Amino acid sequence: MEKKRNSVLLGKSGYNLLVLVLVLASANLSNASSVFPGLIKWHVYVRNELKNEESLLVHCQSKDDDLGSHKLFEGGNFTWSFRTDFLHSTLFWCHVKKDNNNNNNGCDRTASFDVFWYDEHLFQKCHWKNCLWRVRDDGIYLTALYETQTQQFYYHWGATRLP
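FYI, in mature numbering (1 follows the signal peptide of the UniProt record, and there is no 0) the residues of the sequence shown are -32 to -1, 1 to 131.
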């Protein structure tokens, strides 16, 4: 009796469709992240690559989470992980400031910039998982975590994030 009741609820074609969807979903789980970025656990890194042992003050946040202020020494990283929301509105930004009193040749000492936003180009640049922001004397660069050849310049010192 129970078997007959299930077949009435789903019907044979409904049951076959359900099995097909489950098989396709499990077969394409690795591609699911490109369709549903919310399934991915994202990692954002901010790395101090300033020269002359200059330290960097970093303060990152989203509209919901203030990640606090951190002092990074040369070569140091600040990192955090999260999942995006399904409304595609996840946004993180950082404010960075050169901490030492070294002569900056008149250059700006601060920058405010977005480090994560919903954008497929950004996702591809970060290999759908790890975004590495390299803070250098000449500006801020983005690359995937384990790449060194495909760094892309994104922000100048003095950059101001728009609200």
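For every residue, glycine included, the Cβ atom is placed at its ideal position computed from N, Cα and C. In this text, all values refer to a predicted model and were calculated from it rather than measured experimentally.
With respect to the 9 Å criterion, L18 and R104 are classified as neighbours on the basis of their beta carbons. Taking every protein chain shown into account, the CB of T58 has 16 or more other CB atoms within 10 angstroms, so this residue is buried. Selection L25, S49, H27 and D82 evaluated against Y122 yields D82 as nearest (Cα-Cα).
With a threshold of 16 other beta carbon atoms within 10 Å, K9 falls short and is exposed. By the C-beta criterion, the region 77 to 91 is judged not to be in contact with the region 35 to 49, since fewer than 3 inter-stretch pairs fall below 8 Å.
9 Å or more divides the Cβ of C99 from the Cβ of S80. In the three-state reduction of the DSSP assignment, Q120 falls in the strand class, which pools E and B. For F91, there is no enclosing beta strand (DSSP E); the enclosing alpha helix (DSSP H) covers residues E88 to K93. Residue pairing for L24: DSSP places it in a beta bridge opposite L40 and K66.
The Cβ-Cβ distance between H124 and G107 falls below 9 Å.
One alpha carbon belongs to T118, the other to T111, and they sit about 6 Å apart. Of the candidates K93, Q29 and G126, K93 places its Cα closest to the Cα of E115. As the crow flies, the alpha-carbon of D34 is around 11 Å from that of W48.
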